[in-house]
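Remarks on the structure that follows.
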Amino acid sequence: MNITGAQALIKALEQQGTEVIFGYPGGAILPVYDPIIDSSIRHVLVRHEQGAGHMAEGYAQATGRPGVAMVTSGPGATNIVTPIANAYMDSIPLVVITGQVPTAAIGTDAFQECDITGITMGITKHNWLIKDAKDIPDVIAEAFYVATTGRPGPVLVDVPKDVTQSMVEWHDCPTPDQLDLPGYHPVLEGDPEAIAAAARLLADAERPVLYVGGGVIKARAIEALAELVRVSGAPVVTTLMARGALPDSHPQNLGMPGMHGNYTAVTAMQQADLLVSLGARFDDRVTGRLDAFAPRAAIVHVDIDAAEIGKVRKADVGIVGDARHVIEALSAASAGLPRADLAAWWATLNDWRERYPMIYEPASDGGMLKPQAIIEKLNEMSPDDTIVVSGVGQHQMWAAHHWNYEHPYTWINSGGAGTMGYAVPAAIGAKAGQPGRTVWAIDGDGCFQMTAQELVTARSEGIPIKVAILNNSYLGMVRQWQEMFYEERYSEVYLSQDLPNYVMWAEAMGCVGIRVDRAEDVEAAIEKANAINDRPVVIDFRTDAAEKVFPMVAAGASNDDIMVHPIQQAGA
Amino acid sequence: MPEPFSGTTTHSPITHHILSVLVENKAGVLARVAGLFSRRAFNIYSLAVAPADAHERFSRITIVVDAESAPLEQVVGQLNKLINVVEIRDLGSNEALERELLLATVHVAHDERDHLLESVADAGASVVDVSDEAVTLTLSGTPTALNAFEAMLAQGYPSREVQRTGRVALPRLNHSATQA
Ligand SMILES: Cc1ncc(C[n+]2csc(CCOP(=O)(O)OP(=O)(O)O)c2C)c(N)n1
Ligand SMILES: [Mg+2]
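Protein chains in written order, with the working numbering: chain A, 2 to 573; chain B, 1078 to 1257.
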């Protein structure tokens, strides 16, 4: 059967199980937009290519399936570079298709030409430039396989216009075992000897901590983790990328570690005699000053990416493998072993938990709204399986702490890259992938202004997300640093609470807009938002700009120098 | 510019490491390898690349890495993640058989060449081109031999142009059964 390269591309995407493409057309990708009309794949027309990328990421994080985005050459391609970088940092499976100028024009500075494979070489797992339409099924199969296996990540396929316009005889996409990838062999099973050694370390440790990262989420290792937690009796910290990997209500869950981690999670790692790192990567936001991080801890490091082991902190036992497989094997190897008594360790931890809970000063009567209280209220009034998507800043840290994550895949944020503007489009992608679930974007006023136009997409495509703007009129996180480390010299961080008018803006984009100034109106507003399911809702919560995120470890400081909330400092 | 490599890997402190990297011979593969080194702040001392099989399906890249810029396991680990990298061999100083090629054009008048030609013969180098003003020499051998030859030229002949290829390397054979 002879078809066009464009038809072959869409057919290949269908064969790879693509349900939805987030995209934006243009000259070089035009041929591919024709067969989309006849395809079973849903196309979501975004309002900016960055939105397409983040939607695909949100879709992937909410469903576990690869997100697919398609854009044109030149500016279309460069507009999606930020989401690709974001997906690379957070190991999100993402397949980006870019149009390219015709092969004969490549290298001539043709209209809308740019070297997107060169630009994205350092921020993709791999990328391809297709030079012949007959390669399309193979390259697309390789792209999906590489994006979703091993350590997941973004891939990019650049397709010149003459390739999609040419005629080609169709052949089915190869299956994974038929792929010609001699240099790519992801490992699933860990080395049994190393696993046995890790099990012995874990059994003998008196102050162990299971350091759980995003890899556990990616590997769908939730049940395996629960079993290891049960078998080991050890405390658990869940990083920013792993919130929900173990229910927050689980008594062994200490919460989130790191620069804005809670006191007990941070200090438990500092005092541990063993850290068992499961799909985490000793990010600087977790370790603080590296030479002062967990100084007495032996390290077991489990990661599917061999290059992560020993990259930051030397591992006493390194295990390369898929988190689910390795954790299952570790539980099995641990089962019969005599265990050290953890009672003293738990007594210490519980004492810290009691003395240093996550707290904030409640609003005074008639005072400004407290962002933490709003998040708690949202949590209380939302279904148990609500998906929370955040931007980057103070609101992100509060959303990570003050919402109780009881299920995996319910917390979506930009961790490694810290990409402002992530929330709205990622929430749209999450809702497109999980239409039956409530999706709340918890956003900052600064972040909202970066990508809010995608609410037009949400309205026109019938993707009714809900957005809570924690409007503190500031680039709050930057303001907090200027307050604490630059002697309150505030430079270029004020945004204004009224400009833009968020309610009018929301309404203009076809959403319902609600503004809340007073504590007594919070519940009613959330109730109203929860009742609307035919269009997106935006609530502009006017929050207290003076509120800061605590605890905090200053950049470059040791985690031992964690600053708790001023109320707790006074009481200590 | 990195410092010139001095001496054999056996005699000098081991600051350089030789990686023999088999890659799929696909468009952009050299850029991927080189880009990885610069992105991760690993320093390349020298790099040589050529097809490794008759079908040109694979190429072999011999990279001399400045091992002080990054732990070798990191370099190898990150390289291994490149989809087109098929195999990496870390050739430790004792296991590597290294060769390099040098071309040198030396400006020296006809009647002053005797001494130079003597040295060329001594070093096992040869003359590949001659004009009234200059001779072009070539020498292939160990990096040490090339270093010595270069040093000799530097002493006697201020006007010269030297080009080296960077080394290629393969593991030494197992000599236990035969004679070393
Ligand atoms: C694209 C991008 N630009 C700049 C930054 C630096 N940055 C981090 S947080 C922040 C402020 C975010 O402000 P807002 O969205 O209002 O959130 P808040 O901290 O006030 O909750 C800035 C500017 C970033 N992370 N991403
Ligand atoms: Mg703000």
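Just so it is clear, CB atoms sit at the ideal spot from N, CA and C, and this is done for glycine as well.
query, result
"For B/A1104, is the classification buried or exposed, using 16 other Cβ atoms within 10 angstroms of its Cβ as the cut-off for buried?", "exposed"
"A/G184 touches chain B at which residues, Cβ-Cβ below 9 Å?", "L1099, V1100, E1101, N1157, L1159, I1160, N1161, V1162, V1163, E1164"
"Check the Cβ-Cβ distances between B/E1150 and every residue of chain A, and say whether any is below 8 Å.", "yes"
"Which residue or residues does DSSP assign as beta-bridge partners of B/E1164?", "B/L1099"
"Can you give me, in chain order, the residues of the stretch 187-221 of chain A that have a beta carbon less than 9 Å from any beta carbon in chain B?", "none"
"Following a CB-centred definition, is A/D446 positioned closer than 7 Å to any heavy atom of ligand 4?", "Among the ligands present in this structure, namely ligand 1 and ligand 2, ligand 4 is not found."
"Quick check on A/K312 - is its C-beta less than 8 Å from some C-beta in chain B?", "yes"
"Expressed to the nearest angstrom, what Euclidean distance is found between the alpha-carbon atoms of A/L471 and B/T1139?", "55 Å"
"Helix, strand or coil: how does DSSP classify A/L241 here?", "coil"
"When every heavy atom of ligand 1 is checked, does at least one fall within less than 7 Å of the C-beta of A/Q395?", "yes"
"Taking the alpha-carbon positions, what's the B/A1147 to A/P236 distance?", "34 Å"
"According to DSSP, simplified to helix, strand and coil, what is A/L593?", "Residue coverage of chain A in this structure runs from 2 to 573, which leaves residue 593 of chain A outside it and unanswerable."
"Using a Cβ cut-off of 9 Å, which residues of the stretch 109-125 of chain A contact any Cβ in chain B, in chain order?", "T118, G119, M122, G123"
"Is the CB of B/R1116 under 8 Å away from at least one CB in chain A?", "yes"
"Would you report the Cα separation of A/T544 and A/N534, rounded to the nearest angstrom?", "26 Å"
"Just verifying my parser: in three-state terms, what is the DSSP assignment at A/Y410?", "coil"
"Compute the minimum distance between the beta carbon of A/N473 and the heavy atoms of ligand 2, and state whether it is under 7 Å.", "yes"
"With three or more C-beta pairs closer than 8 Å as the rule, is the stretch 155-169 of chain A touching the stretch 178-195 of chain A?", "no"
"I'd like to know if the stretch 78-97 of chain A and the stretch 450-466 of chain A are in contact, where contact means that at least 3 CB-CB pairs between them fall below 8 Å.", "no"
"Flag B/R1109 as yes if its beta-carbon sits less than 8 Å from any beta-carbon of chain A, otherwise no.", "yes"
"Let me know the secondary structure DSSP gives B/F1082 once reduced to three states.", "The predicted position of B/F1082 is uncertain, since its pLDDT is 42 and thus under 50; a value taken from the coordinates is nonetheless stated next. Coil at B/F1082, not helix or strand."
"Per DSSP, what kind of secondary structure is A/E190 in: helix, strand or coil?", "coil"
"Going straight from the alpha carbon of B/T1184 to that of B/A1125, what length do you get?", "A quick correction: the sequence has His, not Thr, at residue 1184 of chain B. If I take the Cα positions, the gap works out to 28 Å."
"Within the present structure, is the beta-carbon of A/T420 separated from the nearest heavy atom of ligand 1 by less than 7 Å?", "yes"
"Any chance you could list the beta strand (DSSP E) runs of at least 3 consecutive residues sitting entirely within the stretch 232-285 of chain A, in chain order?", "237-239, 254-256, 275-279"
"Taking a cut of 9 Å between CB atoms, which residues from the stretch 302-335 of chain A lie near chain B?", "D306, A307, A308, E309, I310, G311, K312"
"Cutting at 7 Å between CB atoms, please list the residues of its own chain near A/D323, excluding the five before and the five after it.", "L189, A220, I305"
"CA-CA distance, A/P67 and A/N531?", "29 Å"
"I'd like to confirm something about A/L370: is its beta-carbon nearer than 7 Å to some heavy atom of ligand 2, or not?", "no"
"Could you tell me the alpha carbon to alpha carbon distance between B/A1211 and B/Q1240, rounded to whole angstroms?", "15 Å"
"Give me the Cβ distance between A/G368 and A/E58, rounded to the nearest whole Å; I'm assuming they're in contact under 8 Å.", "Wrong, their Cβ atoms sit about 37 Å apart, outside the cutoff."
"By the DSSP assignment, the alpha helix (DSSP H) with B/F1114 in it spans what residues?", "1106-1116"
"Under 8 Å, Cβ to Cβ, is there at least one residue of chain A near B/G1218?", "no"
"Suppose the cutoff is 7 Å on Cβ atoms and the five residues either side in sequence are ignored; what does the same chain contact list for A/N145 look like?", "Note on identity: in this sequence residue 145 of chain A is Phe, with Asn being the wrong assignment. Only Q17, P67, V96 meet the Cβ criterion."
"So with Cβ pairs under 8 Å, would you call A/L95 a contact of chain B?", "no"
"Using a C-beta to C-beta distance shorter than 9 Å, which residues of chain B count as neighbours of A/L130?", "A1104, G1105"
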